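Enquirer:
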Amino acid sequence: VRKKEHVINHIKKVKLPYTIIDIGYWYQLMLPRLPSGRIDYALPLTLGGIAGDRNTPCAFTDLQDIGRWVARIIADPRTLNKMVFAYNAVLTMNQVYDMLEEASGEKIDRNYVSEATIKAGVVRAEADTPPADSFNYFEVVKYQYFNSLGLRGDNTPEYARYLGYVDATELFPDMKVTTPEAYCQKVLSGKATTIYQRLTSAAQ
3 VRKKEHVINH IKKVKLPYTI IDIGYWYQLM LPRLPSGRID YALPLTLGGI AGDRNTPCAF
63 TDLQDIGRWV ARIIADPRTL NKMVFAYNAV LTMNQVYDML EEASGEKIDR NYVSEATIKA
123 GVVRAEADTP PADSFNYFEV VKYQYFNSLG LRGDNTPEYA RYLGYVDATE LFPDMKVTTP
183 EAYCQKVLSG KATTIYQRLT SAAQ
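Residue numbering for the sequence shown follows my numbering, starting at 3 and increasing by one per position.
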């Protein structure tokens with residue numbers, strides 16, 4: 003993150019034209035596992051719990067839509083020298099669990115992770131630096147995600163606006179994107195694309 007910020011600051015310093023795009027949390031890492039295991043093929047990694055007060059909103063995006071978002075954003079002159087936040091939908095993790103339970107007909111246990119546990123996990127994470135392509139790396143950053151997404155609520159359109167981002171859904175209200183419900187049905191039908199397959203093998 004620090005390297006990214008350094009590059010962005012240098013671009014602004016030398017007055018290069020730019021468009022910075024940030025994307026919501028991926029659908030592909032959104033869903034919890036089902037008791038039956040029927041969607042495990044599509045879930046190489048999961049956060050394995052719900053952080054904070056259980057109802058912190060989070061912006062989500064389908065990986066399959068990112069390319070189309072980027073194409074629209076960089077082709078539009080309104081985004082020149084702007085920061086743009088692109089996402090498909092905003093949900094709480096409780097809403098994600100509710101959606102999957104309704105669509106699958108299965109009841110999912112909800113493992114609520116306390117603020118104290120998350121804070122302790124962040125301290126441990128900051129003291130460890132495993133390779134970025136390892137399963138242990140995801141374990142390290144899991145608590146950082148819990149802290150950022152679940153406690154602080156960093157991944158929301160409101161916070162993005164506070165930071166000076168333009169909302170892509172307002173720039174392009176006609177943009178056709180995959181809904182969370184449609185993605186959920188795709189996973190349940192066995193047609194979703196698996197990501198991070200190497201990490202899946204490492205976790206087994």
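We treat Cβ as the ideally placed atom computed from N, Cα and C, and that holds for glycine. Just so we're clear, the structure is a prediction, and the values are computed from it rather than from any experiment.
Which parts of the stretch 135-175 are runs of the alpha helix (DSSP H), unbroken and 4 residues or longer, counting only runs that do not cross its ends?
Expert: As far as the stretch 135-175 is concerned, its whole alpha helix (DSSP H) runs of at least 4 residues are 137-147, 159-164, 170-173.
Enquirer: Since Gly-54 and Gly-123 should fall inside the 8 Å C-beta cutoff, what is the C-beta to C-beta distance between them, to a whole number of angstroms?
Expert: Your numbering for residue 54 matches position 52 in the sequence shown. Your numbering for residue 123 matches position 121 in the sequence shown. At roughly 13 Å, the Cβ-Cβ gap does not stay under 8 Å, so Gly-54 and Gly-123 are not in contact.
Enquirer: In three-state terms, what does DSSP make of Tyr-114?
Expert: Here the question's residue 114 lines up with position 112 in the sequence shown. DSSP places Tyr-114 in strand when its eight states are reduced to three.
Enquirer: Report the residue ranges of all beta strand (DSSP E) runs contained in full by the stretch 50-80; include only those spanning at least 3 residues, in chain order.
Expert: As far as the stretch 50-80 is concerned, its whole beta strand (DSSP E) runs of at least 3 residues are 60-63.
Enquirer: Quick check: the stretch 102-109 against the stretch 177-194, are at least 3 beta-carbon pairs closer than 8 Å?
Expert: Flag = yes, the stretch 177-194 and the stretch 102-109 touch.
Enquirer: Going by CA-CA distance only, name the one from Thr-48, Asn-57, Tyr-89 that's closest to Tyr-167.
Expert: The sequence position of residue 167 within the sequence shown is 165, counting from 1. For Tyr-167, the nearest C-alpha among the options comes from Tyr-89.
Enquirer: Between the Cα of Lys-121 and those of Gln-146, Lys-17, Thr-94, Asn-83, spot the shortest distance and give me the residue it belongs to.
Expert: Taking the first residue of the sequence shown as 1, we reach residue 121 at position 119. When only C-alpha atoms are compared, the closest one is Gln-146.
Enquirer: List the endpoints of the continuous beta strand (DSSP E) containing Lys-84.
Expert: For the purposes of this step, residue 84 is identified with residue 82 of the sequence shown, where counting begins at 1. Where Lys-84 is concerned, the enclosing beta strand (DSSP E) stretches over 84-88.
Enquirer: Could you check which residue in Lys-6, Leu-18, Lys-15, Gly-26 has the C-alpha nearest to that of Pro-159?
Expert: Stepping through the sequence shown from its first residue, residue 159 is reached at position 157. Nearest of Lys-6, Leu-18, Lys-15, Gly-26 to Pro-159, Cα basis: Gly-26.
Enquirer: Given this structure, state the Cα-to-Cα distance separating Ala-77 from Tyr-29, to the nearest angstrom.
Expert: Counting from one through the sequence shown, the residue named residue 77 turns up at place 75. Counting from one through the sequence shown, the residue named residue 29 turns up at place 27. One C-alpha to the other measures close to 25 Å.
Enquirer: Relative to the C-alpha of Thr-196, which residue among His-8, Ile-13, Leu-33, Lys-5 is closest?
Expert: What you label residue 196 is simply residue 194 of the sequence shown in a count that begins at 1. It is Leu-33 whose Cα lies nearest to the Cα of Thr-196.
Enquirer: Taking buried to mean at least 16 other C-beta atoms within 10 Å of its own C-beta, is Ala-127 buried or exposed?
Expert: Taking the sequence shown and counting its residues from 1, one reaches residue 127 at position 125. Counting Cβ neighbours within 10 Å, Ala-127 comes out buried, since at least 16 surround it.
Enquirer: Please specify which runs of the beta strand (DSSP E), each continuous and at least 3 residues long, are wholly inside the stretch 8-53, giving them in chain order.
Expert: Listed in chain order, the complete beta strand (DSSP E) runs (minimum 3 residues) inside the stretch 8-53 are 21-25.
Enquirer: Measure the alpha-carbon distance for Arg-163 versus Asp-169 and round it to whole angstroms.
Expert: Walking along the sequence shown from the start, residue 163 turns up at place 161. Walking along the sequence shown from the start, residue 169 turns up at place 167. Cα-Cα distance, rounded: 7 Å.
Enquirer: Please report the residue range of the beta strand (DSSP E) in which Ala-91 lies.
Expert: Within the sequence shown, residue 91 is the residue found at index 89, counting from 1. Note, Ala-91: beta strand (DSSP E), 91-93.
Enquirer: Can you grab the Cα-Cα spacing for the pair Gly-192 / Phe-140, in whole Å?
Expert: Walking along the sequence shown from the start, residue 192 turns up at place 190. Walking along the sequence shown from the start, residue 140 turns up at place 138. Their backbone Cα atoms lie some 25 Å apart in a straight line.
Enquirer: Find the nearest neighbour of Tyr-99 within the set Phe-87, Tyr-114, Val-86, judged by alpha-carbon distance.
Expert: Along the sequence shown, one-based indexing puts residue 99 at 97. Ranking Phe-87, Tyr-114, Val-86 by Cα distance to Tyr-99 puts Tyr-114 first.
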